[in-house]
Each structure stands twice: as C-alpha cells, then as structure tokens.
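Here is the structure we will look at.
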Amino acid sequence: MMRRSRSLLGLAIAVLVLSGHVGNPNVVLDGNAGPYPVRVVVRPPEVIPGQAEISVRALDEGVTGVTVRPVRWDLGVEGAPRPDAAAPVEGEPRLWSASLWLMEFGSYSVHLAVTGARGEWTLIVPVPAVALRVTSMPRSLAIPLIGLGLFLAVGLLSIVGAAVREAVLPPGEEPDRRRRRSAWIARAVALPLIVLALFGGSKWWGAEDAAYGRKLYRPPAVTSTFAADGAGRLLTMNVEGWSGRSGYLTSPLLPDHGKLMHLFLVRQPGLDAFAHLHPSRVDSATFAVRLPDHLPPGEYRLYGDILHESGFAETLTDTVRIPAATGTRSAADADDSWLVGRPAPGSAHLPDASSIVRLDAEEPLRANVPTTLRFRVFDPAGTPAELEPYMGMLAHAAVTREDGSVFVHLHPGGTVSAAAQARFDQIARGDTVRDASGSLVSAAGHPPGHGGSPGSAGMLALPYEFPRAGRYVIWVQVKRENRVLTGSFDVRVTD
Amino acid sequence: MAGIVCGWHVLRLTFAGSSEERAATVRWWGYFRGPLGAWTCVWGAIAMLTSAPLDDWWHQAYGLDVKILSPPHAVLAQGILAIQLGALFMVLAAQNRQHARRTGTADVGADGAGPAERLLPWMAAFAASLVLANFAIMVSEYTWRVFQHGPLFYQVVCGAFLLPLVAGAIASRLRWSAIAVAGLYMAFFLVLVWILPLFPAEPKLGPVLSHVDRMVPPQYPLLLIVPAAAIDVVLHRWNRTRGWGLAAVLSAVFLVTFITVQWPFSIFLNSPLAHNAFFAQHLLPYMVGSDWALARGEFIGLTSGLGLARGLVIALIIGVVSARLGLAAGGWMSRVHR
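Residue numbers (this note's numbering), protein chains in the order written: chain A, 2 to 496; chain B, 261 to 598.
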C-alpha cells in the first residue's frame with residue numbers, strides 16, 4: 002500500500018532554510034587552533050557579496066592576535082586574499098571580532114590564524130556564502146528619494162526650457178514670443194521622454210530584483226513516499242532539482258562519519274516522537290530507509306542533513322504521514338536511534354535506567370546570545386556515566402523549535418560538521434587521497450576540536466546560539482554500554 | 261564641489277550681480293538667474309547626491325555590485341555627465357561670446373581679454389573630451405580588446421562615441437577640434453595606463469584568480485584620433501553642419517577609418533608584444549583567471565564572414581543616428597551664449 006506525501010510546508014520551510022540547518026544562519030564552533038581552545042561565532046551575510054561578522058573568544062590565556070581569511074573550496078589558499086586582522090573588543094578580554102567580505106556565492110572556509118605564546122596555529126571554519134532573502138525599501142528612504150526624483154525631473158524640464166528659450170540668445174536680449182513658445186514645445190516633448198526614462202528605469206530595477214531572486218539559495222525539493230511490505234515500512238525520498246545548480250551544490254556527497262545522510266524525524270505537533278536514521282542511497286536522486294517499528298504513526302517533519310565535497314552542508318526538508326507499523330522489526334542500521342516520549346524540562350530518564358540531567362536549567366536562555374547547553378549523564382547507580390563514542394562523537398543533539406522553523410544537528414564542536422572541517426583541512430593541505438572505505442581520512446587523524454575524549458565523566462557541553470525566541474525541544478543522544486540512548490528536553494528561549 | 265560653487269554663483273548673480281553679468285544668464289523659475297551651465301551643474305550635483313542613499317540601500321539589498329551599470333550607478337552617471345556638460349556649457353558660452361565679439365556678429369558685451377580667454381576653445385575641447393571619456397567608461401564592458409574583432413564592439417563604438425565626438429568637434433572652435441577632443445581623451449587614459457602601475461597594490465578581496473602586485477590600469481584608449489582627423493576633414497569641406505547626408509558621410513568615414521586602424525591594433529594589443537610598461541596589457545584585474553580569453557589574448561565573438569559584415573552594416577546605421585544627434589547637439593552648443 003503506497004502512501005504519498007508532498008512537501009506541504011516545504012515551501013515555507015525552504016524560505017528559512019540555510020545551508021546545513023534550518024533557520025540557523027550562524028555558525029557556532031568550539032574548537033582548537035593548535036594548543037589554543039577557542040569559541041568562534043560566524044554570522045554570514047544575508048546578501049552576497051556581503052560581510053560576514055566573525056567573533057573569536059579565546060578560552061584560556063596566551064592568545065595575542067587573530068587573523069581571518071576567506072578561502073573558497075575550489076581555489077584554496079592560493080586564491081585567497083591576504084588575511085585581515087581581527088580587532089580586540091573593548092572591555093572584553095580575550096574576545097576579537099572581524100568583518101570579512103565574501104564576494105561570490107559558494108562554499109567557503111574561514112582560516113582563523115591564532116597567534117600567541119605557543120606560536121601561530123590555524124583553525125578552519127566552514128562558512129556558507131549564499132543569499133537568503135530580499136529586502137524591501139523602507140518608507141523613510143523611499144519618500145525622500147521619490148521627492149528628490151520629482152525635483153530632478155522638474156529641474157530637468159526647467160533646464161530644457163531655459164536652454165531653448167534664452168541660452169542661445171546674445172546677452173541682454175530678451176526672448177520673443179516665438180522663442181517662448183519653442184521653449185514650451187521643447188518642454189512638452191521632453192516631459193514624455195523623462196517619463197519614459199523613469200518607466201524604463203523602474204523596469205530595469207524590476208529585472209535586477211528578479212535576477213537576484215533567482216539567485217537566492219533554495220534547498221532541493223523532496224518527495225517522500227512509503228511502501229509497507231513484509232519487511233516493514235520503507236521510506237523513500239526522491240530529491241528533485243539537483244541539476245542546474247552551481248558547482249558547489251552539485252559536487253558529490255561526502256559521508257559524514259560513514260553516513261551519506263543523517264535523517265531526523267520529528268512528530269508533530271507534540272514533538273513526542275523522534276528518530277535519527279541513516280538512509281542508504283538507491284540512486285543519484287533517491288534515498289531509502291526502513292523505519293524502526295517502534296516509531297508510532299502520525300504526521301512527522303523530516304530533516305535530512307547531507308554534505309557535499311565542496312564542504313557545503315544542506316538540510317533537505319519535507320513533511321510525511323507515517324502509517325502504522327505492521328510488525329516488530331528493529332532498525333536497519335545499527336546506528337539508527339529513536340525516542341518516543343514527551344520532553345521534560347530538567348532531566349530525562351533513559352530506557353536502561355540511566356539519566357541525563359540538564360545543568361544550569363534555571364538560567365534563562367536568550368535568543369541571539371551565544372550559549373553552551375550543558376548536560377551530565379548518570380548511570381543507574383547515580384554516578385557519572387562512562388560514555389562511548391556514538392558515530393565518532395561524545396554526543397549528538399537535535400534542536401528544534403516547536404513550529405519547525407528552526408532545526409539544527411549539534412555536536413560538542415558546535416553547529417559545524419566535522420566532516421566539512423576535515424574536507425577543508427584536506428583542501429588546504431592539497432591532499433585529495435581517500436582511504437579504502439571512501440570516507441575522508443586526514444593524515445593527522447581527526448582534526449582538532451573533534452568532540453572531546455570519551456570518558457569525560459559524563460559531562461556534555463554543546464555550544465549554540467538560538468536564532469529566535471520560542472519553545473524548543475532538544476534531543477540529546479549518547480552511547481553507553483554499546484547502546485544508544487536518547488533523552489529529550491523542553492526549553493524556553495526569550496528575547 | 262561643482263554643485264556648491266555653481267549654487268553660490270547663481271545665488272550671487274540673482275541677488276547681487278551687475279547688470280552686465282546678469283545679461284549673460286538665463287532665467288530660472290522666473291526669478292533666479294545664472295548661466296545655463298551653472299544650473300546644469302547644480303542639477304548634476306543633486307543627482308549624484310540622490311544616487312548615494314539609493315546605492316547604499318541597493319548594496320544592502322542586493323549585495324555589493326561588481327558591475328558598472330546598475331540603476332543607482334546610472335543615476336550617478338547622469339549626475340556626473342550633467343556636471344561635465346554644465347562645465348562644457350559655461351566654457352562654450354564664454355567661447356561663443358568671444359567669437360561673436362571678434363566677428364562682430366552680435367553685441368555681446370565685454371568679458372575681458374585675459375590669457376584665459378585665448379584658451380577657451382581648448383578648454384571647450386577638454387570639457388568635450390571628458391564627456392567622451394565618460395561615455396567610454398560607461399561602455400567599457402563592451403570594449404575590451406578581446407571583443408574588438410566582433411560586430412557588437414563596432415556597434416557600441418559607433419553609437420556611443422560618434423555623438424560626443426561630432427558634437428565636441430562642432431562646439432569647440434579650434435580648427436582641428438575633433439583631433440583635439442580625441443587626442444585629449446587618449447591623453448587622459450594614457451596617463452592612467454602609465455602612472456597607475458607605478459604604485460604597488462594587492463587584492464584585499466577574494467577570490468583571487470591571478471596574483472597582481474600593482475595597480476591595474478583601465479583599458480588602453482581606442483585609436484579614435486585617426487577617425488577624428490577624418491571627421492575634421494569632412495566637416496571642413498561640407499557646407500553646412502546639419503543634415504542626414506552629412507551624418508551618413510560622417511558615420512561611414514568614421515567606421516572605415518576606425519576599423520582600419522583598430523582591427524590590426526587590437527591584434528597587437530592581444531599579442532605578447534604589448535606586455536610592457538608602455539601598453540601594460542600584461543596587467544589584468546585579479547579576478548581574471550589565467551585561462552580566460554583576456555589573459556590568453558584570444559578574440560571572442562564573430563570575427564569573420566557574413567555575420568560580421570551584417571553587424572558592421574548595423575554599426576553604420578547606428579553611427580548615422582549617433583552622428584545626426586551629435587550634429588544637432590553641436591549645432592545648438594555653438595549657439596550657446598549664456
């Protein structure tokens with residue numbers, strides 16, 4: 002039995018989607034530039050060419066300076082201009098800020114060179130450069146401009162009249178009737194020409210505006226279908242509109258920790274069911290995944306994170322109606338995980354009797370303020386748990402706003418995918434060799450800032466910046482004793 | 261600056277000018293008085309100032325534009341052109357009054373006979389050459405040396421250059437005025453080609469497709485001086501300075517002489533022989549990659565055959581219209597006395 006579901010809210014969501022995540026324009030990263038731990042926040046521009054605002058906070062002493070440099074994925078360091086120095090922020094120790102021009106659309110990385118007592122080390126931060134919205138002119142500007150325009154049009158008519166009437170006369174001679182009439186005729190001829198020019202100008206403006214609208218970033222559309230067969234519910238995602246896009250959006254997909262796509266399903270409206278699945282690729286435009294039978298039926302929002310070889314991350318979105326399960330099969334991929342249950346504000350109890358507690362839960366969360374979401378995992382005995390890496394990370398988290406307008410896949414390193422960082426690192430070193438499994442390996446092992454070492458006494462710190470106020474749900478996923486555990490948390494963010 | 265100076269000038273003439281000075285002005289809105297060129301300069305300054313907030317908003321909405329002609333830049337270009345024309349009109353008014361005094365054709369009062377007065381026709385030619393340079397910059401996206409064997413280049417040149425060249429040639433009372441206008445245009449750009457590369461510079465914005473370590477000059481000026489000489493010869497021999505017949509002859513003569521010199525010259529510019537300090541064709545903007553036609557000196561566009569011939573005929577027709585407008589403008593400008 003086939004069920005079909007179109008992207009009902011896909012269009013609305015698409016307006017807000019920004020590379021790699023939904024509704025989150027900003028890049029938040031906790032990483033190491035060599036021996037210096039830093040927290041980086043990059044606010045990419047909304048129009049291209051435009052300026053990205055970068056702030057770098059050194060987390061310990063010893064840093065004396067920071068420079069930034071935009072490096073495009075296909076041109077590398079050779080095609081980058083000289084680094085710009087970041088300026089220290091007044092009144093804030095160890096905080097630097099810089100504005101960096103991103104001149105063309107594409108997949109960029111910002112090379113942060115941090116200088117200090119222990120030398121100069123570079124941290125690479127992936128930054129997408131795409132235009133996201135169209136602005137309209139405010140009234141306070143439009144009205145004076147229209148006034149000036151009218152003044153100029155009238156002025157031009159007067160100049161034409163004066164030119165015909167008097168300019169060709171010798172000094173002192175007064176214009177006669179014939180000349181005055183010629184002046185009126187000249188003005189009468191000039192008026193429609195001026196109107197035509199203004200009309201032409203407004204058409205030109207409209208054409209430029211439309212051309213810009215076509216360049217706005219849009220993720221490819223997704224059509225999801227279901228087939229329930231004897232082996233369970235099969236979700237197939239068909240991605241449309243791959244072709245015709247620029248090179249950085251059509252470069253092949255890179256696996257992120259061995260997975261071509263990380264798919265998140267969130268049930269609406271209560272956000273009381275969640276799944277983190279890993280579809281396999283059927284062909285160049287189709288992905289398929291078998292749903293775990295524990296996942297209840299209902300209306301779900303679907304977010305698929307993918308990463309291109311250009312270092313550009315995208316999130317495919319859709320809404321689907323999942324039918325009821327017909328059996329009790331478990332998930333296809335051992336790394337698939339899910340949670341059925343309502344989110345709670347402070348702590349989550351996990352199936353194996355361990356728990357995750359949200360630290361600093363009484364502290365208010367503000368929108369557009371960089372923050373760190375802290376959690377601690379306790380084993381059934383109440384002692385801090387020993388955690389194992391889950392797909393290479395100490396923890397994975399998914400954050401969504403209750404209306405679906407914000408979605409992000411977070412790690413201890415921040416909003417950035419480690420595979421994207423590894424890719425830019427590889428580009429910078431000029432190394433394009435892959436290992437046998439097809440996943441990227443950098444010669445020095447995982448790049449710095451990868452996610453912390455396992456066994457850090459159950460402490461989790463996830464840096465993030467909420468883009469808007471509202472009610473959010475955070476799912477935190479850890480691995481303990483070879484079992485993936487997911488807890489969900491209800492948080493409120495104010496302005 | 262031009263706006264402020266001319267604005268002060270017209271206010272002074274309106275409220276405090278002598279009757280002789282006021283005789284040489286035009287009326288504005290019934291009461292204000294000032295030379296026509298001064299009003300044009302004020303208009304131009306206001307247009308330039310209007311374009312500034314519009315351009316600022318444009319960049320915030322659509323990004324920093326890396327092209328020359330966008331709607332706010334077009335407003336700015338009109339303003340710059342108006343200021344140049346205003347200066348030209350003021351010089352022409354003085355020149356034409358001087359000419360009228362010399363030839364006794366009208367009672368135009370005494371402006372004085374200082375050394376500056378003798379230079380008036382040269383000043384007029386210089387002002388006209390700046391207008392020509394303005395047009396050249398506005399169409400510079402179409403006049404790169406790699407386009408100079410294609411029909412579009414010749415159509416653009418005939419359309420954009422004949423008008424100011426012919427108008428300036430008639431307005432300035434030098435004997436070889438077209439050569440003067442074209443020569444001054446060439447001198448203006450040659451100074452930039454020779455002087456700018458002397459200053460070291462580096463790209464501050466990416467992506468950098470080729471590394472440059474000095475300032476990159478604008479395009480080498482077109483060899484308009486040869487067709488300008490031909491225009492002067494035609495104007496000397498023709499009885500009148502009006503009419504479609506004259507316009508047709510001017511266009512044909514311009515196109516034939518221009519293509520005769522520019523076609524082989526562009527081959528030279530595209531060759532390694534032009535990679536020196538005199539021609540500076542090895543200096544290209546940093547956003548030009550080494551595989552681009554501009555870097556390799558290859559011609560783009562239709563360069564032979566029936567398509568080219570048809571394109572050149574269209575260029576000729578465009579030139580006739582442009583020359584006719586130039587004749588009308590020049591004729592009017594030679595009669596401006598205020």
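Where a beta carbon is used, it is the ideal one built from N, C-alpha and C, also for glycine.
- Give the single residue among A:E310, A:A276, A:T237 whose Cα lies nearest to the Cα of A:V283. If you number the first sequence from 1, residue 283 of chain A lands on position 282. Taking only the C-alpha atoms, the option nearest A:V283 is A:T237.
- Beta-carbon neighbours of A:R219, restricted to chain B and to distances below 7 Å: Within the first sequence, the letter at position 218 stands for residue 219 of chain A. Within 7 Å Cβ-Cβ: nothing; A:R219 doesn't reach chain B, min ~17 Å.
- Query: For B:W288 and chain A, any beta-carbon pair shorter than 8 Å?
  - Reply: Translated into the one-based positions of the second sequence, residue 288 of chain B becomes position 28. Yes - at least one Cβ of chain A is within 8 Å of the one on B:W288.
- Quick one: is B:S594 buried, meaning 16 or more other Cβ sit within 10 Å of its Cβ, or exposed? Translated into the one-based positions of the second sequence, residue 594 of chain B becomes position 334. So B:S594 counts as buried.
- Query: Of the choices B:S432, B:L422, B:S389, whose alpha-carbon is the least far from that of B:Y445?
  - Reply: Looking up residue 445 of chain B in the second sequence gives position 185. Selected option, being the one with the closest Cα: B:S389.
- Message: DSSP three-state label for B:W288, please.
- Response: Position 28 of the second sequence, counted from the first residue, corresponds to residue 288 of chain B. B:W288 falls in the strand class under three-state DSSP.
- Task: Quick one: residues in its chain with C-beta nearer than 7 Å to the C-beta of B:A431, no 5 flanking neighbours on either side, listed in chain order?
- Result: Locating residue 431 of chain B in the second sequence gives position 171, counting from the first residue. Taken in chain order, the residues that qualify are L352, A384, A388, G590, M593, S594.
- Item | 6 Å CB neighbourhood of A:L486 in its chain, flanking five on each side removed | For the purposes of this step, residue 486 of chain A is identified with residue 485 of the first sequence, where counting begins at 1. Closer than 6 Å at Cβ, skipping near neighbours: L351, V479.
- Compare the C-beta of A:I49 with all C-beta atoms of chain B and state if any pair is closer than 8 Å. Sequence index remark: in the first sequence, residue 49 of chain A carries index 48 (1-based). Yes, A:I49 lies at the interface with chain B (some Cβ there is under 8 Å from its Cβ).
- Item | Contact set between A:R83 and chain B, taken where Cβ atoms lie within less than 9 Å | One-based indexing of the first sequence puts residue 83 of chain A at position 82. Per Cβ cutoff of 9 Å: E462, P463, K464.
- Are there 16 or more other CB atoms within 10 angstroms of the CB of B:P331, so buried, or fewer, so exposed? Position 71 of the second sequence holds residue 331 of chain B. Per the 10 Å Cβ criterion, buried.
- Message: At the 8 Å Cβ level, is A:R180 part of the contact set with chain B, yes or no?
- Response: Residue mapping note: residue 180 of chain A aligns to position 179 of the first sequence, counting from 1. Taking Cβ atoms only, chain B never reaches closer than 8 Å to A:R180, which makes this a no.
- Item | Per-residue burial, B:A396 [other beta carbons within 10 Å of its own, 16 or more giving buried] | What you label residue 396 of chain B is simply residue 136 of the second sequence in a count that begins at 1. It is buried - the Cβ of B:A396 has at least 16 other Cβ atoms within 10 Å.
- Task: Measure from the C-beta of A:S183 to each C-beta in chain B and report whether the shortest distance is under 8 Å.
- Result: Here residue 183 of chain A is taken as the residue at index 182 of the first sequence, counted from 1. So no, A:S183 is outside the interface.
- Task: Would you tell me roughly how many angstroms separate the C-alpha atoms of B:G339 and B:A305, rounded to the nearest one?
- Result: Along the second sequence, read from residue 1 onward, the residue named residue 339 of chain B stands at position 79. Along the second sequence, read from residue 1 onward, the residue named residue 305 of chain B stands at position 45. Approximately 6 Å, taken between the alpha carbons.
- Message: Using DSSP's beta-bridge definition, name the partner residues of B:W317.
- Response: Taking the second sequence and counting its residues from 1, one reaches residue 317 of chain B at position 57. Answer is none; B:W317 lacks a bridge partner.
- Counting only the same chain and skipping the five closest in sequence on each side, list residues whose C-beta sits under 7 Å from that of B:A540. What you label residue 540 of chain B is simply residue 280 of the second sequence in a count that begins at 1. Only V453, P457, P477 meet the Cβ criterion.
- Message: When you compare the segment 571-578 of chain B with the segment 398-414 of chain B, are there three or more beta-carbon pairs, one atom per stretch, that lie closer than 8 Å?
- Response: yes
- Task: Could you please give the first and the last residue of the uninterrupted alpha helix (DSSP H) stretch that includes A:D284?
- Result: Translated into positions along the first sequence, residue 284 of chain A becomes position 283. Premise fails: A:D284 lies in the beta strand (DSSP E), 281-284, not in any alpha helix (DSSP H).
- Query: Since A:Q478 is in the beta strand (DSSP E), which residue starts that stretch and which ends it?
  - Reply: Residue 478 of chain A sits at position 477 when you count from the first residue of the first sequence. Its beta strand (DSSP E) spans residues 471-481.
- Item | DSSP three-state assignment for B:V596, whether helix, strand or coil | Here residue 596 of chain B refers to the residue found at position 336 of the second sequence. Here B:V596 sits in coil by DSSP.
- Query: Looking only at DSSP bridge pairs, what is A:M460 linked to?
  - Reply: Taking the first residue of the first sequence as 1, we reach residue 460 of chain A at position 459. Note: A:M460 sits in a beta bridge opposite A:R377.
- First through last residue of the alpha helix (DSSP H) which encompasses A:S356: Locating residue 356 of chain A in the first sequence gives position 355, counting from the first residue. Premise fails: A:S356 lies in the beta strand (DSSP E), 356-359, not in any alpha helix (DSSP H).
- Determine the closest residue to A:A286 out of A:F425, A:A222, A:E300, with distance taken between C-alpha atoms. As a first step, residue 286 of chain A is located in the first sequence; it is residue number 285 there, counting from the start. Nearest of A:F425, A:A222, A:E300 to A:A286, Cα basis: A:A222.
- Are the CB atoms of B:G557 and B:N530 nearer to each other than 8 Å? Sequence index remark: in the second sequence, residue 557 of chain B carries index 297 (1-based). Sequence index remark: in the second sequence, residue 530 of chain B carries index 270 (1-based). Yes, they are a contact pair.
- Task: Confirm the yes/no value for this check: CB of B:Q541, any heavy atom of the ligand SAH, distance under 7 Å.
- Result: The model depicted lacks the ligand SAH and carries no ligand whatsoever.
- By DSSP, does A:R179 sit in helix, in strand, or in coil? Taking the first sequence and counting its residues from 1, one reaches residue 179 of chain A at position 178. Looking at A:R179 - three-state DSSP - the assignment turns out to be helix.
- For the beta strand (DSSP E) holding A:W74, just list the boundary residues, first then last. For the purposes of this step, residue 74 of chain A is identified with residue 73 of the first sequence, where counting begins at 1. Looking at the DSSP string, A:W74 is not in any beta strand (DSSP E), and its letter there is neither H nor E.
- Query: If you compare alpha carbons, which of B:S437, B:V406, B:K464, B:V335 is closest to B:I491?
  - Reply: In the second sequence, counting from the first residue as 1, residue 491 of chain B sits at position 231. When each option's Cα is compared against that of B:I491, the closest is B:S437.
- 8 Å Cβ cutoff met for A:T68 and A:A88: Position 67 of the first sequence holds residue 68 of chain A. Position 87 of the first sequence holds residue 88 of chain A. Contact flag unset, no.
- Item | Assumed close pair A:T373, A:V267 - CB separation to whole angstroms, cut-off 8 Å | Mapped onto the first sequence, residue 373 of chain A falls at position 372. Mapped onto the first sequence, residue 267 of chain A falls at position 266. The pair is not a contact, with the Cβ atoms about 23 Å apart (cut-off 8 Å).
- Out of curiosity, what's the CA-to-CA distance linking A:G156 and B:Q344? In the first sequence, the residue the question calls residue 156 of chain A occupies position 155. In the second sequence, the residue the question calls residue 344 of chain B occupies position 84. C-alpha separation (whole angstroms): 17 Å.
- Message: Could you check whether the Cβ of B:L390 sits closer than 8 Å to any Cβ belonging to chain A?
- Response: Stepping through the second sequence from its first residue, residue 390 of chain B is reached at position 130. Taking Cβ atoms only, chain A never reaches closer than 8 Å to B:L390, which makes this a no.
- Item | Interface residues of the segment 91-119 of chain A facing chain B [CB-CB below 7 Å] | W102, M104, E105
- Message: Does the CB of B:V232 have a neighbour CB from chain A at under 8 Å?
- Response: This structure gives no information on residue 232 of chain B, because the portion of chain B shown stretches from 261 to 598.
- Message: Using the three-state DSSP reduction, which class does A:Y218 fall into: helix, strand or coil?
- Response: Position 217 of the first sequence, counting from 1, holds the residue named residue 218 of chain A. Coil.
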